[in-house]
Amino acid sequence: MAALPRRIIKETQRLMQEPVPGISAVPSESNARYFHVIVTGPEDSPFEGGLFKLELFLPEDYPMSAPKVRFITKIYHPNIDRLGRICLDILKDKWSPALQIRTVLLSIQALLSAPNPDDPLANDVAELWKVNESEAIRNAKDWTRRYAMDN
Amino acid sequence: MDIIQEGDCAVCMLKYNHPAKLPCDHIFCFLCIKGVFLRSHTCPMCRTPIPEDYLDNPQLLKEILDEKTEIDECDKFWWYYEGQDGWWSYDERSNEDIESDFNDGKSECKLLVAGAVYCVDFTQMIQYRQSDPRRKRKVKRDTHTHPSKGIAGILKVCPKQDDLSAENINATILDDDIDTIQNIHENEDDIDNMSQILRSMSIQEPELSSGSSNTEDT
Ligand SMILES: [Zn+2]
Ligand SMILES: [Zn+2]
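Chains as they are written, first to last, in the UniProt record's numbering: chain A, 1 to 151; chain B, 1 to 218.
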């Protein structure tokens, strides 16, 4: 089979040895380019207390192109849509091969702490976030309780 | 002497392999810059634009000349691929990977070079691009003293004696090595299919035959 580029091996080892606080990323046993990710909802955010599952995939030409990341756990967030797709510039046109899995996960964690309704992906959520922030936050907490706390 | 940054190349995360410096002073492996250049034309560290003609006039850092001559064991083999009018040596890192797969009796070796996956097929002694198997080149294994045009598309230069002390050496890069990137399509809906693609990749065959063709080749 195709050898795994040394960079991916290195990044994986580092993720295991020095994990990012509040984030776990474990490669799948059957595909070393596919990671099971769990992000803890940041403190003082409407996602606090939740455990959010994501999937992260390193395309064949990684790091020349960005990892593909998606939330699996439902989340009420103006920059994350129904399908779990994330609106984050570094995953699109602002990607640079000097960024890493670690940086991407940190950025996603930061996005949970600081939703940005002016650059929305989930339009109705963003709309409510702008016109009635407290209700939007209530919804977000409610979804966190409902979808990210069960196991 | 050399002003190579401490640590590793930020793109491949390995020791610099043919280090080259961009106008913004950031240093990467030449092949890493080439991979970046074919896509974004900006420095991976600071996003300063890379000049259009950079690949033709890279600022290669000194140690490059010594690399191949350092290896003096006469029995050492080297791998070469065919260019328009001669053979190119593979870079050291690729050479090591090919040689080790070859010695392990594998039928092929996959390489990630400048952001594209290449496959060296030992049964036919060819190299092709995984995303476009029609782009074939002959390869061969020969003594490391075999004449070649240069390493990995960096044309060999024979500097005059007094140039040897120069910190940077300008080499010429031949273009027959630079493939156009055809397979980069920023598909917004890519991620929709992601789960399916992932599933078909990580689980074995059965799922694959689900009608829609997610995978591009074969
Ligand atoms: Zn490099
Ligand atoms: Zn730079």
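Where a beta carbon is used, it is the ideal one built from N, C-alpha and C, also for glycine.
Nothing here was measured: the structure is a model prediction, and the numbers come from that model.
With a threshold of 9 angstroms between beta-carbons, can residue i be considered close to chain B, or not?
i        : result
Lys74/A  : no
Arg102/A : no
Glu48/A  : no
Pro97/A  : yes
Lys53/A  : no
Lys10/A  : yes
Ser65/A  : yes
Glu60/A  : yes
Leu15/A  : no
Pro78/A  : no
Arg82/A  : no
Pro5/A   : yes
Helix, strand or coil for residue i? Go by DSSP, reduced to three states.
i        : result
Val104/A : helix
Asp97/B  : helix
Arg14/A  : helix
Tyr62/A  : coil
Asp89/A  : helix
Trp88/B  : strand
Cys32/B  : helix
Leu4/A   : coil
Phe47/A  : coil
Val11/B  : coil
Phe122/B : coil
Ala166/B : Note on Ala166/B: pLDDT 37, under 50, position unreliable in the model; the coordinate value appears next. Residue state, collapsed to three classes: coil.
Leu38/B  : coil
Leu55/B  : coil
Lys62/B  : coil
Asp150/A : coil
Ala140/A : helix
Ser131/B : coil
Ile75/A  : coil
Verify the CB distance criterion: does residue i have a CB-CB separation below 9 angstroms to chain A?
i        : result
Ala10/B  : yes
Leu14/B  : yes
Arg135/B : no
Asn59/B  : In the sequence as presented, Asn is not what sits at residue 59/B; that position holds Gln. False, the Cβ-Cβ gap to chain A never drops below 9 angstroms.
Cys32/B  : yes
Ser107/B : no
Leu22/B  : no
Ala116/B : yes
Asn127/B : A quick correction: the sequence has Gln, not Asn, at residue 127/B. No, its Cβ sits nowhere closer than 9 angstroms to a Cβ of chain A.
Ser94/B  : no
Gln130/B : yes
Val36/B  : yes
Arg47/B  : yes
Thr123/B : no
Would you grab the beta carbon distance between residue i and residue j for me? Rounded to a whole angstrom, and I think it's under 8 angstroms.
i        : j        : result
Gly150/B : Trp88/B  : 6 angstroms
Pro63/A  : Pro27/A  : That pair is no contact at about 16 angstroms.
Val20/A  : Leu106/A : 6 angstroms
Met45/B  : His26/B  : 5 angstroms
His18/B  : Lys76/B  : Contact doesn't hold; Cβ gap of about 19 angstroms is too wide.
Thr123/B : Ser100/B : So it is not a contact: roughly 17 angstroms between Cβ atoms.
Val146/B : Tyr90/B  : With the sequence shown as reference, residue 146/B is identified as His, and Val is not the correct amino acid for it. The pair is not a contact, with the Cβ atoms about 12 angstroms apart (cut-off 8 angstroms).
Leu54/A  : Pro67/A  : The pair is not a contact, with the Cβ atoms about 11 angstroms apart (cut-off 8 angstroms).
For residue i versus residue j, is the C-beta distance shorter than 9 angstroms?
i        : j        : result
Ile154/B : Leu60/B  : yes
Ala114/A : Gly41/A  : no
Ile8/A   : Arg33/A  : yes
Leu83/A  : Arg102/A : no
Ala122/A : Ile90/A  : no
Lys136/B : Gln127/B : yes
Pro117/A : Ala110/A : no
Ile50/B  : Phe37/B  : yes
Val39/A  : Ile108/A : yes
Trp78/B  : Arg134/B : no
> How do the region 109 to 121 of chain B and the region 80 to 99 of chain B stand: do at least 3 beta-carbon pairs fall below 8 angstroms, yes or no?
Replying inline: yes
> Just checking, does the region 74 to 83 of chain A make contact with the region 11 to 23 of chain A on the three C-beta pairs under 8 angstroms criterion?
Replying inline: no
> Can at least three beta-carbon pairs, one atom from the region 38 to 56 of chain A and one from the region 137 to 146 of chain A, be found at a separation below 8 angstroms?
Replying inline: yes
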